[in-house]
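First up is the structure itself, then whatever we jot down about it.
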Amino acid sequence: MNDFLQLCFAGMALGARYALVALGFVVIHRATGVINFAQGSIVALGAYFAFNAHQTWGLPFLLAAIIAVAGCAVVGIIVERLLLRKMSGQPVFSVIMITIGLLFVIDQIITMIWGQDAQNLGDPWGIDTVEAGEIVLAVVDLWAIGLAFLVVGAFFLFFRYSSTGLAMRAVAIDEEAAMARGISVRRVVATAWAIAGSVAAVAGITLASGPAALRPSVGLIALAAFPAMILGGLDSPLGAVLGGFIIGITQTLTAGYQPAHASWLGQDFQSVTPYAVMILILLIRPHGLFGTKEVERL
Amino acid sequence: MTALLRRSDSANPGMRQGHLDSVALFSTGWKKFGLLLGLAIYLLGPLMLSDFQLSVIDYAGIAAIGAIGLNVLTGYTGQISLGHGFFLGAGAFTAAYFGGNLDLPLPLWLAAAAVVGALIGLVIGPFALRLKGSYLAIITLGLVFLGQHIFENWKSVTGGLSGRAVTAPVKLGPVDFANLDIGGKEFSREGGYFYLIWAVVALVALLVKNLMRTRLGRAFQAVRDRDAAAEVIGVRLARTKVMSFVVSSSLAAVAGALYGSFQRFVNPEEFGLFLSIEFVAMIVIGGAATIYGPVLGALFITAVPFLIEEWSDRIPGVATEAGETGITVFALNQALFGLLIIGFLVLEPRGLAALWARIKVYFLAWPFSY
Numbered sequence: 647m648n649d650f651l652q653l654c655f656a657g658m659a660l661g662a663r664y665a666l667v668a669l670g671f672v673v674i675h676r677a678t679g680v681i682n683f684a685q686g687s688i689v690a691l692g693a694y695f696a697f698n699a700h701q702t703w704g705l706p707f708l709l710a711a712i713i714a715v716a717g718c719a720v721v722g723i724i725v726e727r728l729l730l731r732k733m734s735g736q737p738v739f740s741v742i743m744i745t746i747g748l749l750f751v752i753d754q755i756i757t758m759i760w761g762q763d764a765q766n767l768g769d770p771w772g773i774d775t776v777e778a779g780e781i782v783l784a785v786v787d788l789w790a791i792g793l794a795f796l797v798v799g800a801f802f803l804f805f806r807y808s809s810t811g812l813a814m815r816a817v818a819i820d821e822e823a824a825m826a827r828g829i830s831v832r833r834v835v836a837t838a839w840a841i842a843g844s845v846a847a848v849a850g851i852t853l854a855s856g857p858a859a860l861r862p863s864v865g866l867i868a869l870a871a872f873p874a875m876i877l878g879g880l881d882s883p884l885g886a887v888l889g890g891f892i893i894g895i896t897q898t899l900t901a902g903y904q905p906a907h908a909s910w911l912g913q914d915f916q917s918v919t920p921y922a923v924m925i926l927i928l929l930i931r932p933h934g935l936f937g938t939k940e941v942e943r944l
Numbered sequence: 151m152t153a154l155l156r157r158s159d160s161a162n163p164g165m166r167q168g169h170l171d172s173v174a175l176f177s178t179g180w181k182k183f184g185l186l187l188g189l190a191i192y193l194l195g196p197l198m199l200s201d202f203q204l205s206v207i208d209y210a211g212i213a214a215i216g217a218i219g220l221n222v223l224t225g226y227t228g229q230i231s232l233g234h235g236f237f238l239g240a241g242a243f244t245a246a247y248f249g250g251n252l253d254l255p256l257p258l259w260l261a262a263a264a265v266v267g268a269l270i271g272l273v274i275g276p277f278a279l280r281l282k283g284s285y286l287a288i289i290t291l292g293l294v295f296l297g298q299h300i301f302e303n304w305k306s307v308t309g310g311l312s313g314r315a316v317t318a319p320v321k322l323g324p325v326d327f328a329n330l331d332i333g334g335k336e337f338s339r340e341g342g343y344f345y346l347i348w349a350v351v352a353l354v355a356l357l358v359k360n361l362m363r364t365r366l367g368r369a370f371q372a373v374r375d376r377d378a379a380a381e382v383i384g385v386r387l388a389r390t391k392v393m394s395f396v397v398s399s400s401l402a403a404v405a406g407a408l409y410g411s412f413q414r415f416v417n418p419e420e421f422g423l424f425l426s427i428e429f430v431a432m433i434v435i436g437g438a439a440t441i442y443g444p445v446l447g448a449l450f451i452t453a454v455p456f457l458i459e460e461w462s463d464r465i466p467g468v469a470t471e472a473g474e475t476g477i478t479v480f481a482l483n484q485a486l487f488g489l490l491i492i493g494f495l496v497l498e499p500r501g502l503a504a505l506w507a508r509i510k511v512y513f514l515a516w517p518f519s520y
């Protein structure tokens, strides 16, 4: 039982990170209908910004984190302004490929500046743990889970009560109608990219915390966050968080039990469970658990 | 009716005047000239080029077969796939098994790869029916990872993580492409494979070109342009999309089979996401929904890394030896790959093929700019 709870907690911790990455996808997809494959690179960039501000410049960790969040927001806006705006009206395929191209470029910029080697982010959590009964909880994991809930709560309030959030929802529903009501679609889209950038930085910091956990490959987790986003539905922040937790918990439970009970699935099966779960769910609900159902009979 | 079907008269070469003209295989004299030029290069290539250059072109030819396959799915039918690498892998391991373990001759293991590819496409196609655009991109991304997992664990066929040797024979009757000898003139392995691979490229290009002139091919394009409208005029969406998957994955498997046989060794690691993205890049850079676009794209994407490797010591800021400051050749390649994709999509979304068309149009109207 304790093993099970421990695995579930590890799954939630992993899921929280997936959720933070997936939230970035969702914001951009809601506003623009684009899936940003470069989100993973922005996640890594956020982690390196924090590293640079904290370790190289010697700023306090909290300040460094804020700088990373702001820096990634700016990167998001620049990417939107320089590339994505030019692509409006182009087929989905082209826009996806632009973000894939960006992924390659940003990844190489990161290795050019900070190198290939693993680094210490120097976060205050380190390897501290808290014990709850028999279960050992890492402080950084608790922070990740808390931050995921905090961000999704902030999203909820933002979309519900702020005028920018309302404008975003309007643009998501109908761009032209929103424009006719005097909403600046450009500003809304830029805001979406900025928000996605800041969430990516938060995700990056939680991923890179711990000893020697900061590597250029940190952003690769975004590939496993796709299933989380798809599972929740492309346009639902709450869905992204739940999707993240479902994927995370399935993955750690698989890692814990599959080698003993279902070894025929092969070695290292847990690394592909997110995709297996995604495909199964999409067969039953093609629009995800919480996504908007598009009425279409074809 | 006769006017509709009439072929162009000699007074107006290059002018399409009827249905027969627009479905003609080689509609203009220039295309026939291009064909002859291609044939000349094909015959003389192995005599003029070094083995290294030939091996690059061989790899490019293999990539071209796969890219033509992906173009059927993405360019003509409008379905995004990031899972093309998986089908290549399936073909490579089929060739390794049928050609190596069972020791079947060249036509049989190549056909086996095509059939296995088609069957996998037939199984996977229906999964994609309900999904479009971004969803399809991500589900095919999942396919790559699941496929790689299968390759890594099905050790008896794929050799697991360490990969396996491919000993498929490349003999066609008395002709052995690995050891080609024509009238006393001996060709290197690369030269022999050049003839084999580019013959398959030509065959596949002709096949797809013809396919696009049939009812099925036009149905593909109708689905791409507007699926609802296609359904209304009597195209059965489900069947058409699945057929597109079948053709595409079958061609990918043929490419994979040749890849395995040429390289003599395959590893499950090779057939991952990066390979799939490379194929998408080939059709983006070459030009989607054209026949020669993917071939140009394949040549371009395959050749660029080799060229950079070759000239790395002359490009400023590149570290060629350990300890030197600057970016590595690998990093430069990756960054350039990303920049090329972005550059083409922003500046010339229709790819290299459109660049050529633009030059042609410019000279047609010369000296007037339009």
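Chains G and L, in that order, give the protein sequences. This note's numbering puts the first residue of the first sequence at 647, with every later residue one more than the last. This note's numbering puts the first residue of the second sequence at 151, with every later residue one more than the last. Yeah, the Cβ is synthetic: ideal placement off N, Cα and C, and Gly gets one too. Given the structure is predicted, the values throughout are model-derived calculations rather than measurements.
N- and C-terminal bounds of the beta strand (DSSP E) containing glutamate 777/G: It spans 775-778 - the beta strand (DSSP E) in which glutamate 777/G sits, taken as one unbroken run.
How about tryptophan 348/L and tyrosine 192/L: do their beta carbons lie closer than 7 Å? For tryptophan 348/L and tyrosine 192/L, yes; Cβs fall inside 7 Å.
Need the endpoints of the beta strand (DSSP E) that valine 782/G sits in, please. Start and end: 781-784.
Does arginine 989/G pass the burial test, meaning 16 or more other C-beta atoms within 10 Å, or should it be called exposed? In the structure as shown, chain G starts at 647 and stops at 944, and residue 989/G therefore has no counterpart that could be examined.
Is serine 284/L close to chain G? Criterion is C-beta to C-beta, closer than 7 Å. Yes, because at least one Cβ of chain G sits closer than 7 Å to the Cβ of serine 284/L.
7 Å Cβ shell around tyrosine 247/L - same chain, five flanking residues per side excluded: Val307.
Beta-carbon proximity list for glycine 443/L, same chain, < 6 Å, skipping 5 on both sides: These residues qualify, in order along the chain: Gly436, Gly437, Gly501 and Ala503.
Just the Cα atoms here: how many angstroms apart are leucine 353/L and leucine 346/L? For the pair leucine 353/L and leucine 346/L, the Cα-to-Cα distance works out to about 11 Å.
Which partner residues of leucine 860/G appear in the DSSP bridge assignment? Leucine 860/G is bridged to Gln765/G.
Got a sec? Which residues, its chain only, sit under 6 Å from valine 441/L by beta carbon, not counting five neighbours each side? Sequence inspection shows isoleucine at residue 441/L; the valine mentioned does not correspond to that position. So the qualifying residues of the chain are Ala355 and Lys359.
Entirely enclosed alpha helix (DSSP H) segments - the segment 856-929 of chain G, minimum 4 residues: As far as the segment 856-929 of chain G is concerned, its whole alpha helix (DSSP H) runs of at least 4 residues are 867-878 and 883-907.
Would you say methionine 658/G faces chain L, with C-beta separation under 7 Å as the test? Using a Cβ-Cβ cut-off of 7 Å, methionine 658/G does not count as an interface residue toward chain L, since no Cβ of chain L sits closer than that to its own.
When we look at the beta-carbon of alanine 665/G and count the other beta-carbons within 10 Å, is it buried (16 or more) or exposed? Residue burial annotation: alanine 665/G is buried, with at least 16 other C-beta atoms found within 10 angstroms of its C-beta.
Cβ-based neighbour list, glutamine 701/G, same chain, cut-off 6 Å, excluding 5 preceding and 5 following: These residues qualify, in order along the chain: Gly768.
Would you kindly check if the distance between the Cβ of serine 394/L and the Cβ of phenylalanine 370/L is under 7 Å? Yes, Cβ-Cβ distance for phenylalanine 370/L and serine 394/L is below 7 Å.
Between the C-alpha atoms of glycine 856/G and valine 715/G, what's the straight-line distance to the nearest angstrom? Per the coordinates, the alpha-carbon of glycine 856/G lies some 19 Å from the alpha-carbon of valine 715/G.
Would you please state the rounded distance, in angstroms, between the beta carbons of isoleucine 492/L and leucine 749/G? I believe it to be under 8 Å. About 10 Å separates the beta carbon of isoleucine 492/L from that of leucine 749/G, a gap too long to meet the 8 Å contact definition.
What is the residue span of the alpha helix (DSSP H) that alanine 318/L lies within? Segment: none, alanine 318/L is in no alpha helix (DSSP H) and carries neither H nor E.
Grab me the residues of phenylalanine 327/L's own chain with a C-beta within less than 7 Å of its C-beta, minus the 5 sequence neighbours each way, in chain order. Short of 7 Å from the beta carbon of phenylalanine 327/L, and not among the five residues preceding or following it, lie these beta carbons of its own chain, in chain order: Val320, Gly342, Tyr343, Tyr345 and Leu346.
Test item: CB-CB of phenylalanine 456/L and valine 206/L under 7 Å: It is a contact, given that the beta carbons lie within the stated cut-off.
Within chain G, the residues that threonine 227/L reaches when beta carbons sit closer than 8 Å: Chain G residues near threonine 227/L: none, gap ~12 Å exceeds 8 Å.
Can you grab the Cα-Cα spacing for the pair serine 158/L / arginine 280/L, in whole Å? With a pLDDT of only 49 at serine 158/L, under the threshold of 50, the placement of this residue in the model should not be trusted; the figure read from the coordinates follows. If you draw a straight line from the Cα of serine 158/L to the Cα of arginine 280/L, it comes to about 44 Å.
Just to confirm before moving on: does the CB-CB distance between serine 882/G and phenylalanine 936/G stay below 7 Å? Cβ atoms of serine 882/G and phenylalanine 936/G: closer than 7 Å.
Could you round the C-beta distance between glycine 679/G and leucine 899/G to whole angstroms and report it? I think they count as a contact, below 8 Å. The Cβ separation is near 34 Å, so there is no contact.
Minimum C-alpha distance to isoleucine 791/G - residue among Val848/G, Thr810/G and Thr837/G: The residue with the shortest Cα to Cα distance from isoleucine 791/G is Val848/G.
Alanine 278/L at chain G interface by Cβ criterion, 7 Å: No, because no Cβ of chain G sits closer than 7 Å to the Cβ of alanine 278/L.
Secondary structure of isoleucine 300/L, DSSP reduced to three states: Isoleucine 300/L: helix per DSSP, three-state reduction.
Kindly say whether tyrosine 921/G, judged by its beta-carbon, lies nearer than 7 Å to any beta-carbon of chain L. The beta-carbon of tyrosine 921/G is placed less than 7 Å from the nearest beta-carbon of chain L.
Chain G within 7 Å of glutamine 371/L, Cβ atoms only: Not an interface residue.
Go through its chain and collect everything with a Cβ distance to methionine 151/L's Cβ below 7 Å, but skip five positions before and after it. Because methionine 151/L sits at a pLDDT of 45, beneath the cut-off of 50, its placement in the model cannot be relied upon, and the following sentence gives the value as read from the coordinates. Excluding sequence positions up to five before and after methionine 151/L, its CB lies less than 7 Å from no other CB in the same chain.
Can you list the beta strand (DSSP E) stretches of 3 or more residues lying completely in the segment 379-455 of chain L, in chain order? Entirely contained in the segment 379-455 of chain L, not one beta strand (DSSP E) run reaches 3 residues.
Taking the C-alpha atoms as reference points, what is the distance between tryptophan 304/L and aspartate 914/G? If you take the alpha carbons of tryptophan 304/L and aspartate 914/G, they lie about 13 Å apart.
For isoleucine 427/L, which residues in chain G fall below 7 Å Cβ to Cβ? Those within 7 Å of isoleucine 427/L in chain G are Ile746.
Using only the alpha-carbon positions, how far apart do serine 200/L and glycine 410/L sit? Put simply, the backbone Cα of serine 200/L is about 22 Å away from that of glycine 410/L.
Extent of the continuous alpha helix (DSSP H) to which glutamine 371/L belongs: Per DSSP, the unbroken alpha helix (DSSP H) holding glutamine 371/L starts and ends at 365-375.
List, in chain order, every chain G residue whose beta-carbon is nearer than 9 Å to that of leucine 220/L. Near leucine 220/L there are no residues of chain G at all, since even the closest Cβ is about 12 Å away, more than 9 Å.
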